[in-house]
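Chemist: Provided herewith is a single structure, encoded as structure tokens, for subsequent inquiry.
Residue numbers (the working numbering): 308 to 419.
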């Protein structure tokens, strides 16, 4: 692979300097993105490789200009649309516009 997502061997991005006392999430929405990703994976909607592939399909400028969790969010939107679980119009609206589709499994609080 030689895409923008494959930065392990790429020069020119500068030193990675960890933030002192960095919190797990910089904003509440980041935690929700992780939780939704985990829930959809458990439900059998998609798996981690599908999420990674969706991130790798982001345009290079987008991939490099958004945060880690924003990439996860954009990949989740792609997976929702590609699997017919949500439409682009629903994502834009921020709520369901049609009846939902059943998933293979349901993540309930007793499991978490």
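Cβ coordinates follow ideal geometry from the N, Cα and C atoms, glycine included.
Grab me the residues of residue 382's own chain with a C-beta within less than 6 Å of its C-beta, minus the 5 sequence neighbours each way, in chain order.
Modeler: Here residue 382 is taken as the residue at index 75 of the chain shown, counted from 1. 358, 361, 362.
Chemist: What's the gap between the Cα of residue 414 and the Cα of residue 346?
Modeler: Start at 1 with the first residue of the chain shown, and residue 414 comes out as number 107. Start at 1 with the first residue of the chain shown, and residue 346 comes out as number 39. Residue 414 and residue 346: Cα-Cα distance of roughly 6 Å.
Chemist: Is residue 416 close to chain B? Criterion is C-beta to C-beta, closer than 8 Å.
Modeler: Protein chains in the displayed structure number just one, and chain B is not present.
Chemist: Quick one: Cα of residue 331 to Cα of residue 375, how far?
Modeler: For this step, residue 331 is matched to residue 24 along the chain shown. For this step, residue 375 is matched to residue 68 along the chain shown. Roughly 12 Å between the two C-alpha positions.
Chemist: Touch check for the segment 384 to 398 and the segment 347 to 357: three-plus C-beta pairs under 8 Å?
Modeler: yes
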